[in-house]
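S.K.: In this text, residue positions in the sequence shown follow the working numbering: the first is -14, and each later residue adds one.
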Amino acid sequence: MKSIDEQINGLFDSVVRLEVYKEYYNDEGEFVSGNELGSGSYINLRIPEERLPADSESNLIPCILTNRHVIEHAKNVKLRTKIESDVHQFDSEYPELELSDVDDRFIIFHDELDLAVLLMGYYLKKSEMNNIRMAHKYVDEALLFNNEKKINLFSRVAIMGYPLGMFNVSNYHPIVYQGTFAYPPSYNFGGAPEYLLNCDSVNGNSGSIVYGITDSMDFTPIGVQYSIYKHPEHNLTLSKAIKISEVNNIKNKILESYYPKIK
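So, in C-alpha cells, the structure goes:
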C-alpha cells in the first residue's frame, strides 16, 4: 500500500493552475476585463456505449473541472501543465501554455451550482499538431462518484490547489491544505449538495478538488472547493465544497449536446 505522501505526489499532476483572462459586461452595463487565478483538475468522463459514435477513437471526454466563477467569461486561459519533454523542448517540464480565444461551446456549466468543466479535446489535438504533448494525469470518472460512504464526520480532508497562485517553484506542484469536516458529510449543508469544512483556503483555491482520507488512509475525491469564510475578529475559517457527484449534472449536459443516443 502506498504511503500518504506517495498518494499525494501521485495526484499532483492532475491539478492545474489556471490564469483566466476575462472580458464581459456586468449587470450595470460596464465593460469589465482582467485576470482571475484559480485551480482545476484534469478529469476523464466516459461516453456510454449506447452513445459512442462508430468512428470514435475513445470513449473518454477529457476535461478540466473547476468553478463557474473561475472560467466564466474566459477569453484566454493560461495553464501550467506537465509535458513530455522528449517531444518538444521547453525551458521547463511544466511550461505555461495558453489556450487562446476560448470557445464558449467548450465550457459547460452546472445548471445551478458554481461548477463547470472546460472540454479539452480540441486543445489537446491542437497542442499535438504543434508538437506539444501534455503528460498530466487524469482523475477517472470511476473515482468521482459514490464516495460519500467512504468518509464520515471524523475523516480528514485535503484541498489541493494554488492559493494566491502559489506553487512549488521547482515543479509547479500545488499546495495542500488539510482539515476536517464541520458538518456530517453524509448530509447536505444548507439544503444544497455541499460540504462544510474546518479547512483554511484563500483566493486561488477556487476549483480545487477536495480529497477525503478514508479509514484505510486512501485519498478519494469528494468535492470541489468554491467558497471560504473568515471571521474578521475570531480565529475562524471555514471552506465550502460542492459534492463531486454533481459532476453528473454536467456530464448529462455534455452527452445530450454532443453524444445523442444511437438508434
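For each residue, glycine too, the CB sits at the ideal point set by N, CA and C.
Small disclaimer: the values here were computed from a predicted structure and weren't measured.
Report the residue from Ser(-1), Tyr168 and Lys228 whose alpha carbon sits nearest the alpha carbon of Leu182.
M.R.: If we check each option's Cα against that of Leu182, Tyr168 comes out closest.
S.K.: For Glu104 versus Phe91, is the C-beta distance shorter than 8 Å?
M.R.: Looking at the sequence shown, residue 104 is not Glu but Leu. In contact: Leu104 and Phe91 (Cβ atoms closer than 8 Å).
S.K.: I need the straight-line Cα distance from Ser18 to Asn61, nearest angstrom please.
M.R.: Taking the straight line joining both Cα atoms gives about 11 Å.
S.K.: For the region -13 to 30, list the beta strand (DSSP E) runs that are entirely contained and at least 3 residues long, ordered along the chain.
M.R.: The region -13 to 30 contains these whole beta strand (DSSP E) runs: 0 to 10.
S.K.: Check each candidate in Glu133, Glu113 and Ile198 and name the one with the smallest Cα separation from Thr165.
M.R.: The candidate whose alpha carbon is nearest that of Thr165 is Ile198.
S.K.: Reducing DSSP to helix, strand and coil, say where Lys63 ends up.
M.R.: Three-state DSSP puts Lys63 in a strand.
S.K.: Please return the same chain residues whose Cβ sits closer than 8 Å to the Cβ of Gly(-5), not counting the five positions on each side in sequence.
M.R.: If we look at Gly(-5) and ignore the five residues flanking it on each side, its Cβ neighbours are Lys(-13) and Lys122.
S.K.: Is it the case that the Cβ atoms of Asn20 and Val5 are separated by a distance below 8 Å?
M.R.: Yes, Cβ-Cβ distance for Asn20 and Val5 is below 8 Å.
S.K.: Extract the residue ranges of the beta strand (DSSP E) inside the region 134 to 166, only unbroken runs of 3 or more that lie entirely within it.
M.R.: For the region 134 to 166, whole beta strand (DSSP E) runs of length 3 or above, ordered along the chain, are 141 to 146 and 160 to 166.
S.K.: Can you give me the Cβ contacts of Phe(-3) inside the same chain, cut-off strictly under 7 Å, excluding the 5 residues immediately before and after it?
M.R.: The residues are His158 and Pro159.
S.K.: Does the Cβ-Cβ distance between Leu53 and Arg2 come in under 8 Å?
M.R.: Per the sequence shown, residue 53 should be read as Arg rather than Leu. The answer is no: Cβ separation not under 8 Å.
S.K.: As a quick exercise: from Tyr108, Leu129, Ser26 and Ile136, pick the residue whose alpha carbon is nearest that of Glu231.
M.R.: Of the candidates Tyr108, Leu129, Ser26 and Ile136, the one whose C-alpha sits nearest the C-alpha of Glu231 is Leu129.
S.K.: Got a sec? Which residues, its chain only, sit under 6 Å from Val195 by beta carbon, not counting five neighbours each side?
M.R.: These residues qualify, in order along the chain: Val142, Ile144, Ile207, Gly208, Gln210 and Ala226.
S.K.: Drop a sphere of 10 angstroms on the beta-carbon of Glu13, count the other beta-carbons inside from all chains shown, and report buried for 16 or more, exposed for fewer.
M.R.: Exposed is the call here.
S.K.: Going by DSSP, what residues sit across from Phe94 in a beta bridge?
M.R.: Note: Phe94 sits in a beta bridge opposite Ala101.
S.K.: Is the separation between the beta-carbon of Leu30 and that of Lys236 shorter than 8 Å?
M.R.: It is a contact, given that the beta carbons lie within the stated cut-off.
S.K.: Look at Tyr147 and Gly176 and say whether their C-beta atoms are less than 8 Å apart.
M.R.: It is not a contact, given that the beta carbons lie outside the stated cut-off.
S.K.: Would you kindly work out how many angstroms separate the C-alpha atoms of Tyr244 and Ser41, rounded to a whole number?
M.R.: Distance between the alpha carbons of Tyr244 and Ser41 is about 11 Å.
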